[in-house]
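As structure tokens, the structure follows; a few thoughts come after it.
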């Protein structure tokens, strides 16, 4: 076997998974173990209703309120679009399912590779559009830092190397596959340190903030 | 009140007066109150910039600096560098630089002049971050750094020390009594026992005495035992606006002590947005224990009385009105149905604003911005969209339930030569009170 490929999916992957797991756990604990201030003002409609409404925000916030959609619809469509593409490619591509089955022991049906390829190309196009938007829109350019660009680079590199590997484009397959897995390794290692962590924060953040707004009976 | 009066009421123009340790003090204060919720908010931001599209300051100017979450940037940066889960990592790799005093001074404009703490951005954030709360905490840091604008700082300090945000020729209680005498209503002041204690906005006392009269008439019509207390007369909480939690607590405490002294089980905050928010939603948190009374906004109290059949209103259906939800009472306070119930009971035609209820635009004056000389130009620009929405309804009257909003709209009337004047819902209710015996007729 190609030594680079062996390294990528052997020790390097193990190191990456370990960094990912410990890093994510630490970053979550370091936040959630901080002091919790108890809300002492009585909730307008009771805590239970506030909790339910807060939990609903986890889903409802994925779709912008209609008063905002005119201004934010394009950005949200791009953002959610490439996320959806990534989920489909990661979870429903046959070789990925084999990989997951090797780890967790369970597999599931895959989508046809040709369809996955189309989705991956579309996802890549959306990722490029996201980058163009980030550098061209003054608000985003100002907010952006190393984390934003580096995280984008790692995600995009993973998609590009994956596409190259499936298309056998740019080198021998095992070498392309090694680069694809190495980019996944890099992504996993970077994951706990940067904005990719939003994958773990998004629902607690929506629910908890939704709850704090809902207990006042205000808009959430 | 004229714009001249508004200027006269202001303190000296704010200037950078940060000391050599200002950054340390600001960050220490910011991190002192730090809990899991604030950390989660800071950690969750993905720099999507969408909060900008909810903020009237950004919408009006398209200046990226007015992106809501950017207003908390130095504090976000300091958190990640000094106390976040990977603080050493950020320091070693130089991914977050140290916040400088100069940056904090620059941010004074963003944290105060260009933020009404209105919370509209909190409804846009795809991560669900309550951005307004972050900026509120940033104000607390700025306050500790000596960077609260002079107008708010002086009022906060004076209110904490004396109960009055600025020296007045006659005490606030005397001013209330004088309004009562002039309009032939008796002002219940410092009664030993009362079920309900009321405070009132100083803005109303000075500028809208008809509101005070309306308040007295409406309360008297309900037949409840109520009183003002001269030691805790004002509804405002300037320390909240300036960013001092400690002083804010002292102001709340004054209300708590006076309510206890007269045995009031209910404290009504009449038409003062931030005063309501500070008492109803922050009071217990500041004191560390539940308030010993129920804190209500006057419109929710009156809607309850209406439902209970104790408030009788005449339906005349003459006017069409549009209603401005004050951010602290509506979006952030949860009182949005009550004003509409009252308007409906009076038979007036309500023409809703394009952005209404929880999504309404701030009047532009919230968060103390109306008092900031340095914010004027930007504020006028930011409120143009709001004024347009009001005009677009074609309603005869603009009605609201916050003295600060009313004051801001009145100021806009003078500035823009705008043809609408804001009205108080409470005054409208007083005008529609059924005379005794009329209700059953």
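Protein chains in written order, with my numbering: chain A, 1 to 220; chain B, 221 to 661.
Positions of the beta carbon are idealized from the N, C-alpha and C atoms, including for glycine.
For clarity, every value in this text was computed on a predicted model and none was experimentally measured.
CB residue 193/A to CB residue 147/A, shorter than 9 Å? Walking along the first chain from the start, residue 193/A turns up at place 193. Walking along the first chain from the start, residue 147/A turns up at place 147. Yes; because the gap between Cβ atoms is below 9 Å, this pair is in contact.
Leaving out five residues on either side along the sequence, give the residues of the same chain with a beta carbon under 7 Å from the beta carbon of residue 614/B. If you number the second chain from 1, residue 614/B lands on position 394. Once the five neighbours on either side are set aside, the close Cβ partners of residue 614/B are 571.
Distance, Cα to Cα, residue 496/B vs residue 502/B? As a first step, residue 496/B is located in the second chain; it is residue number 276 there, counting from the start. As a first step, residue 502/B is located in the second chain; it is residue number 282 there, counting from the start. Their Cα atoms are separated by approximately 9 Å.
At a Cβ threshold of 9 Å, is residue 575/B touching chain A? Along the second chain, one-based indexing puts residue 575/B at 355. Output row for residue 575/B: interface = yes.
Which residue or residues does DSSP assign as beta-bridge partners of residue 544/B? Along the second chain, one-based indexing puts residue 544/B at 324. Note: residue 544/B sits in a beta bridge opposite 620/B.
Residue 607/B versus residue 633/B - alpha carbon distance: Taking the second chain and counting its residues from 1, the one referred to as residue 607/B is at position 387. Taking the second chain and counting its residues from 1, the one referred to as residue 633/B is at position 413. Spanning the two alpha carbons is a distance of roughly 10 Å.
Quick one: is residue 635/B buried, meaning 16 or more other Cβ sit within 10 Å of its Cβ, or exposed? Locating residue 635/B in the second chain gives position 415, counting from the first residue. Residue 635/B is exposed by the Cβ-count criterion.
Give the residues of chain A in contact with residue 462/B, contact being defined as C-beta atoms less than 8 Å apart. The residue you call residue 462/B lines up with position 242 of the second chain. The premise fails here: residue 462/B is roughly 21 Å from chain A at the closest Cβ pair, so nothing lies under 8 Å.
Answer with buried or exposed for residue 233/B, where buried requires no fewer than 16 other C-beta atoms within 10 angstroms of its C-beta. Mapped onto the second chain, residue 233/B falls at position 13. Low confidence applies to residue 233/B: its pLDDT is 36, below 50, so where it sits in the model is not reliable, and the reading given next is rough at best. Burial call: exposed.
Quick check: the segment 308–318 of chain B against the segment 367–379 of chain B, are at least 3 beta-carbon pairs closer than 8 Å? no
Sort 254/B, 551/B, 465/B, 357/B by Cα distance to residue 380/B and report the nearest one. Taking the second chain and counting its residues from 1, the one referred to as residue 380/B is at position 160. If we check each option's Cα against that of residue 380/B, 465/B comes out closest.
Is any beta-carbon of chain A found at less than 9 Å from that of residue 255/B? As a first step, residue 255/B must be located in the second chain, where it is residue number 35. True, the Cβ-Cβ gap to chain A drops below 9 Å.
With a threshold of 8 Å (Cβ to nearest heavy atom), would residue 243/B be considered close to the ligand PLP? What this structure holds is no ligand at all, so the ligand PLP is not there to describe.
Using the C-alpha atoms, what's the distance from residue 485/B back to residue 509/B? As a first step, residue 509/B is located in the second chain; it is residue number 289 there, counting from the start. As a first step, residue 485/B is located in the second chain; it is residue number 265 there, counting from the start. Going from the Cα of residue 509/B to the Cα of residue 485/B covers about 16 Å.
What does residue 566/B touch in chain A if you count any residue whose Cβ is under 7 Å from its own? As a first step, residue 566/B must be located in the second chain, where it is residue number 346. Near residue 566/B there are no residues of chain A at all, since even the closest Cβ is about 23 Å away, more than 7 Å.
Below-9 Å beta-carbon distance, residue 263/B vs any chain A residue: One-based indexing of the second chain puts residue 263/B at position 43. Answer yes: the Cβ-Cβ gap between residue 263/B and chain A drops below 9 Å somewhere.
Taking Cβ to Cβ, would you say residue 623/B is nearer than 9 Å to residue 492/B? Position 403 of the second chain holds residue 623/B. Position 272 of the second chain holds residue 492/B. Going by C-beta atoms, residue 623/B is nearer than 9 Å to residue 492/B.
Quick one: is residue 658/B buried, meaning 16 or more other Cβ sit within 10 Å of its Cβ, or exposed? As a working mapping, residue 658/B is identified with position 438 in the second chain. Here residue 658/B scores only 49 on pLDDT, less than 50, and its place in the model should not be relied on; the value that follows carries that caveat. Classification of residue 658/B: exposed, given that the 10 Å Cβ count is below 16.
Return the residues of the segment 271–292 of chain B that lie within a Cβ-Cβ distance of less than 7 Å from chain A, sorted by chain order. 272, 273, 274, 284, 287, 290
Is residue 391/B near residue 450/B, with beta carbons less than 9 Å apart? For the purposes of this step, residue 391/B is taken as residue 171 along the second chain, with counting starting at 1. For the purposes of this step, residue 450/B is taken as residue 230 along the second chain, with counting starting at 1. Yes, they are a contact pair.
Could you tell me which whole beta strand (DSSP E) segments of length 3 or greater appear in the segment 161–206 of chain A? none
For residue 503/B, go through chain A and note every residue whose CB falls closer than 8 Å to its CB, in chain order. Position 283 of the second chain holds residue 503/B. Within 8 Å Cβ-Cβ: 41.
Pull up the CB-CB distance for residue 568/B and residue 539/B, whole angstroms please, since I reckon it's below 8 Å. Along the second chain, read from residue 1 onward, the residue named residue 568/B stands at position 348. Along the second chain, read from residue 1 onward, the residue named residue 539/B stands at position 319. The Cβ separation is near 5 Å, so the contact holds.
Span of the alpha helix (DSSP H) around residue 470/B: What you label residue 470/B is simply residue 250 of the second chain in a count that begins at 1. 465–482 is the extent of the alpha helix (DSSP H) around residue 470/B.
Can you tell me whether DSSP reads residue 225/B as helix, strand or coil? Residue numbering aside, residue 225/B sits at position 5 when the second chain is read from its first letter. Here residue 225/B scores only 37 on pLDDT, less than 50, and its place in the model should not be relied on; the value that follows carries that caveat. Note: residue 225/B maps to helix in three-state DSSP.
Between 44/A, 86/A, 7/A, 220/A, which lies nearest to residue 117/A when the distance is taken from Cα to Cα? On the first chain, position 117 is the one that residue 117/A refers to. Of 44/A, 86/A, 7/A, 220/A, the residue nearest in Cα terms is 86/A.
Host alpha helix (DSSP H) of residue 417/B (start-end): Locating residue 417/B in the second chain gives position 197, where the first residue counts as 1. Where residue 417/B is concerned, there is no enclosing alpha helix (DSSP H), although the beta strand (DSSP E) it sits in stretches over 416–418.
Where residue 152/A meets chain B, residues with beta-carbon distance less than 8 Å: The residue you call residue 152/A lines up with position 152 of the first chain. Result: empty, since nearest Cβ-Cβ is about 11 Å, beyond 8 Å.
Quick check: the Cα distance between residue 457/B and residue 574/B, rounded to an integer number of angstroms? Numbered from 1 along the second chain, position 237 holds the residue referred to as residue 457/B. Numbered from 1 along the second chain, position 354 holds the residue referred to as residue 574/B. The straight-line gap from Cα to Cα measures roughly 30 Å.
Candidates 524/B, 565/B, 336/B: closest to residue 535/B by CA position: Along the second chain, one-based indexing puts residue 535/B at 315. Per the Cα distances, 565/B.
Beta carbons nearer than 7 Å to chain B: which residues of the segment 23–34 of chain A have them? 26, 27, 30, 31, 32, 34
Out of 282/B, 307/B, 499/B, point me to the one whose CA is closest to residue 26/A's CA. What you label residue 26/A is simply residue 26 of the first chain in a count that begins at 1. Closest option to residue 26/A, Cα to Cα, is 307/B.
Compare the C-beta of residue 318/B against all C-beta atoms of chain A and say whether one is closer than 9 Å. On the second chain, residue 318/B is found 98 positions in, with the first residue counted as 1. Taking Cβ atoms only, chain A never reaches closer than 9 Å to residue 318/B, which makes this a no.
Going by DSSP in three states, residue 407/B sits in which element: helix, strand or coil? Translated into the one-based positions of the second chain, residue 407/B becomes position 187. Three-state result, residue 407/B: coil.
By DSSP, does residue 516/B sit in helix, in strand, or in coil? Along the second chain, read from residue 1 onward, the residue named residue 516/B stands at position 296. Strand, per DSSP.
Output the distance between the C-alpha atoms of residue 434/B and residue 65/A, rounded to the nearest integer angstrom. For this step, residue 434/B is matched to residue 214 along the second chain. For this step, residue 65/A is matched to residue 65 along the first chain. Each residue's alpha carbon lies about 37 Å from the other.
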